[in-house]
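In this note's numbering, the protein residues as written are 733 to 1000.
What follows is the structure, given as structure tokens:
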């Protein structure tokens, strides 16, 4: 990415490598003299020490030369250059930034009540959540995310806690600072699902009309789950799989009245 005066460091490395060669030649000569009993073993040890010192100095010069070349440790997106070529930089100056956006962390806030509901549900598993991201242009991001983490603290001002979803970003479409909407899908097994239009509210409670064996409509309270599927409602309690409910025309039905109806068997 950048080079910082590499010529001086390269010349310093060349000089140190020359010292290494000279120390090696000296050691080879000393060993032959020792074999011919011209010098003592002490002279051989001293020549070996000189070679080790020269090698260490060469390794340090090579490390200094590496410092003169700034290499990207990973593939990513380079921000604008904060200094032009030839600029004098000081210790601590930022030349640019490199972002690894091959995988993006998307943060979204969850209300405290929903967080407590998640944590109190024994059947809630993080791996069961299917997370989608709707971008600012209204289109869904092609990659599906997975649950990443929950922050440690609540935001006392908003009453929410940040969740994190991790999205693969192979095409580098997502960038830091973008905004969007997070959609969380959860698989519910063995639940009763009814159309929302078949329900009505009284004093904040949800009801349906159930038709008994005598074709009489009986008003019954239901407790829905918090998970809604567009125009459908998942039932937590209040209905059995064999119950018949009034789907259309609930405004014309009265509790305890006999009704005529046409049965519509829904697909399981």
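Note that beta-carbon positions come from the ideal geometry of N, C-alpha and C, so glycine has one too.
Buried or exposed (CB count within 10 angstroms, at least 16 for buried), residue 747: So residue 747 ends up on the exposed side.
To the nearest angstrom, how far is it from the Cα of residue 796 to the Cα of residue 826? If you take the alpha carbons of residue 796 and residue 826, they lie about 20 Å apart.
If the criterion is Cβ atoms closer than 8 Å, does the pair residue 785 and residue 758 meet it? Result no, Cβ atoms of residue 785 and residue 758 do not sit closer than 8 Å.
As assigned by DSSP and simplified to three states, the class of residue 925: Three-state result, residue 925: strand.
Per-residue burial, residue 949 [other beta carbons within 10 Å of its own, 16 or more giving buried]: Buried.
Nearest-angstrom Cα separation, counted from residue 965 out to residue 928: Each residue's alpha carbon lies about 6 Å from the other.
Collapsed DSSP secondary structure at residue 898 in the structure displayed: The answer is strand: DSSP assigns residue 898 an E or B state.
Own chain residues within Cβ distance below 8 Å of residue 1000, not counting five before or after: Confidence in residue 1000 is poor, its pLDDT being 46 and thus under 50, which makes the residue's placement unreliable; the coordinate value appears in the next sentence. So no residue of the chain qualifies.
Only counting runs of 3 or more residues, tell me where the beta strand (DSSP E) segments fall wholly within the region 744-813, in order along the chain. Qualifying beta strand (DSSP E) stretches: none in this window.
Rounded to whole angstroms, how far is the Cβ of residue 793 from the Cβ of residue 736, which I believe are closer than 8 Å? No, residue 793 and residue 736 are not in contact; Cβ-Cβ is about 15 Å, not under 8 Å.
In the structure shown, what three-state DSSP assignment does residue 973 receive? DSSP places residue 973 in the coil class of the three-state scheme, outside both helix and strand.
If you compare alpha carbons, which of 925, 769, 910, 935 is closest to residue 967? Nearest C-alpha to residue 967 among 925, 769, 910, 935: 925.
I need the DSSP call for residue 862, collapsed to helix, strand or coil. DSSP places residue 862 in strand when its eight states are reduced to three.
Span separating the alpha-carbon of residue 995 from that of residue 989: So the two alpha carbons sit approximately 17 Å from each other.
C-alpha distance - residue 872 paired with residue 938, whole-angstrom precision: Separation of residue 872 and residue 938 (C-alpha to C-alpha, rounded to the nearest whole angstrom) is 33 Å.
Can you find at least 3 beta carbon pairs, one from the region 764-777 and one from the region 803-821, that sit closer than 8 Å? The region 764-777 vs the region 803-821: no contact.
Check whether the Cβ atoms of residue 901 and residue 862 sit closer than 8 Å, and answer yes or no. Here residue 901 is not near residue 862, since their CB atoms are 8 Å or more apart.
Starting from the C-beta of residue 985, find all residues in its chain whose C-beta is less than 7 Å away, skip the five residues before and the five after it, and write them out in chain order. Listed in chain order, the non-local C-beta contacts of residue 985 below 7 Å within the same chain comprise 941, 949, 978, 991, local neighbours out to five positions each way being set aside.
Residue 834: buried (16+ other C-beta within 10 angstroms of its C-beta) or exposed? Counting the other CB atoms within 10 Å of its CB gives residue 834 a total below 16, which places it among the exposed residues.
Determine the closest residue to residue 921 out of 957, 852, 819, 975, with distance taken between C-alpha atoms. For residue 921, the closest alpha carbon among the candidates 957, 852, 819, 975 is that of 957.
Can you name, in chain order, every residue of its own chain whose Cβ lies under 8 Å from the Cβ of residue 821, other than the five neighbours on each side? Shown here for residue 821: same chain residues with a beta carbon closer than 8 Å to its own, the five before and five after excluded, namely 736, 815, 827 in chain order.
Contacts around residue 970, its chain only, beta-carbon distance under 7 Å, and the 5 residues preceding and following it disregarded: Closer than 7 Å at the Cβ level, and outside the excluded window around residue 970, lie 952, 953, 954, 955.
Could you give the residue range of the beta strand (DSSP E) that holds residue 938? For residue 938, the enclosing beta strand (DSSP E) begins and ends at 937-943.
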